[in-house]
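Below is one structure, written out as structure tokens; the observations come after it.
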DNA sequence: CCAAAAGTGTTCGTGATACACCCATGT
DNA sequence: ACATGGGTGTATCACGAACACTTTTGG
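Protein chains in written order, with UniProt numbering: chain P, 1 to 239; chain E, 1 to 239.
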């Protein structure tokens, strides 16, 4: 049962058969210079021309929704293997102007260093915005973004997912600043060190920072195998 | 744009225009005699005749999804004002045998005492099952149930929602047993008392149990206004 | 009397918090 | 010398865990 479908926003013809009342929209988080950022895309055509929104798209008939979310992000960023979690479905009957469309929200955490290398879109089409400087977005995308921020704040305290936003090798202060930024709190450096090191989740790389105008800090990395092992022993990440 | 639609499971004609690729399925939790239970319904017709599944249905064109979930539960149980939260969308391309249908999972917490009074279905069509004795369900409903259990275990530790499963007036031991059952742990009575009372969330009703063959316990109730007030002051429910 | 659950008291250890202080490195 | 961040030490306090013990009520 092949269908010819029209993208309701851009007017563009959608080739492959997709589910025409459900979309996916993803909130892609990045962390750069102490700020939490979100990747937004500019709508080139259709009613909301020029306005920014979350990256998203349609679900193909034969693919799962997680699969679709991954595919859409790969098409946009060139990145595979992205940390991606479903938020929930948003289904206000009036959220979408051109018909009844329910969207399934996702949020992703990426390392900005990776994104820079393999960007699939040009700068004019996609741009990082600091979460404190998000403009008016199309449809209900501001609501989805707000919800995902709440969700991120909860999740980051209960699972070691914050590392996904940092480079492979990071210092303890970088990690702390990440938590401070996401949770919107101030933390005590000495106490943070002890707390995170006590968990024994981090691998000391026996390397130090270079080219810094102060005492170089040790570099660490997060080891997921260790985390899995600890979890099986009953360890519970709590922050 | 009115459509004539067929309920893909039962073959029944669906009168009002609904979204035909999305359903809602709800996990309704109850708590009775120390056991956590789930409300299941028997499928009377269609391929899965005789098999049990989660209560669910279609979303109407002009209603929101939370609204639809509430309506469906009202139709089933006669209950309004139910505690209801969205879980997430389930969208495996093969989850539904007769076509591509994505379902949005919800979970609800009800007081069994209320349910008993206003039941809308007969016993042969709907039945409470202990969570440890769930049979094979239709489609991916076992998966949805399992996921909602995980979710309930998380949520119950971070928000005061457990009370929703208990009668208006309850004893501290009942509350403790609720937590023990949901979380699957054993707790220390004295310590539990102090912990929950220290939060000052409960109102001492100055009433006691009656007709019990041991020292009667004080009755308490949960006061949501107090909780809101404390929350605004920075209080955070943690268990 | 006993059984069963209600309810209080006390001890111990761990971890969160606050903060003083020294170390290393570039300008 | 001093600014900047790295890193250690320590006192205090609250809370969770464990458990001994007293109280109330029905049978």
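Don't be surprised by glycine CBs; every beta carbon is placed ideally from N, CA and C.
Remember, it's a predicted structure, so these values are computed and weren't measured experimentally.
Quick check on the burial criterion: 16 or more other C-beta atoms within 10 angstroms. Buried or exposed for residue i?
i                      : result
residue 185 of chain P : exposed
residue 70 of chain P  : buried
residue 144 of chain P : buried
residue 140 of chain P : buried
residue 44 of chain E  : exposed
residue 49 of chain P  : exposed
residue 11 of chain P  : Residue confidence is low: residue 11 of chain P scores 48 on pLDDT, short of 50, so the model does not pin down where it sits. No coordinate-derived value is stated.
residue 25 of chain P  : buried
residue 113 of chain P : exposed
residue 216 of chain E : exposed
residue 231 of chain P : exposed
residue 82 of chain E  : buried
residue 99 of chain E  : exposed
residue 240 of chain P : Limits of chain P in this structure are 1 at one end and 239 at the other, which puts residue 240 of chain P out of reach.
residue 39 of chain P  : buried
residue 205 of chain E : exposed
Looking only at DSSP bridge pairs, what is residue i linked to?
i                      : result
residue 26 of chain E  : E/106
residue 35 of chain P  : P/32
residue 59 of chain E  : E/19
residue 137 of chain P : P/52
residue 248 of chain E : The first residue shown for chain E is 1 and the last is 239, placing residue 248 of chain E beyond what the model contains.
residue 41 of chain P  : P/53 and P/126
residue 152 of chain E : Answer is none; residue 152 of chain E lacks a bridge partner.
residue 204 of chain E : E/220
residue 89 of chain E  : E/104
residue 145 of chain P : Answer by DSSP bridge pairing: none, since residue 145 of chain P is not bridged.
residue 96 of chain P  : Residue 96 of chain P pairs with nothing; no bridge assigned.
One question on the structure: do residue i and residue j come within less than 7 Å of each other, judged by their Cβ atoms?
i                      : j                      : result
residue 241 of chain E : residue 160 of chain E : Residue 241 of chain E is absent from the structure shown; chain E starts at 1 and stops at 239.
residue 62 of chain E  : residue 97 of chain P  : no
residue 27 of chain P  : residue 125 of chain P : no
residue 149 of chain P : residue 162 of chain P : no
residue 233 of chain P : residue 169 of chain P : no
residue 130 of chain E : residue 21 of chain E  : no
residue 138 of chain E : residue 53 of chain E  : yes
residue 157 of chain E : residue 239 of chain E : yes
residue 60 of chain P  : residue 110 of chain P : no
residue 89 of chain E  : residue 108 of chain P : no
residue 106 of chain E : residue 84 of chain E  : yes
residue 183 of chain P : residue 153 of chain P : yes
residue 23 of chain E  : residue 103 of chain E : yes
residue 165 of chain E : residue 31 of chain E  : yes
residue 151 of chain E : residue 87 of chain E  : yes
residue 207 of chain E : residue 197 of chain E : no
(message) Closer than 7 Å between beta carbons: that is the criterion. Which residues of the stretch 83-99 of chain E meet it against chain P?
(response) 86, 88, 89, 91, 92 and 93
(request) Pair every Cβ in the stretch 126-137 of chain E with every Cβ in the stretch 125-143 of chain P, then say whether three or more of these pairs are closer than 8 Å. (result) no
(message) Does the contact criterion of 3 or more C-beta pairs under 8 Å hold for the stretch 177-194 of chain E versus the stretch 207-216 of chain E?
(response) no
(request) Residues of the stretch 18-47 of chain P with a CB closer than 7 Å to any CB of chain E: list them in chain order, please. (result) 19, 21 and 22
(request) Could you name the residues of the stretch 61-78 of chain E whose beta carbon sits closer than 7 Å to any beta carbon of chain P, in the order they occur along the chain? (result) 61, 62, 63, 64 and 65
(request) Report yes or no: do three or more beta-carbon pairs, one from the stretch 219-232 of chain P and one from the stretch 65-85 of chain E, lie closer than 8 Å? (result) no
(request) Compile a chain-ordered list of the residues in the stretch 216-231 of chain E whose CB is closer than 9 Å to at least one CB of chain P. (result) none
(request) Please list the residues of the stretch 154-183 of chain E that have a C-beta atom closer than 7 Å to any C-beta atom in chain P, keeping them in chain order. (result) none
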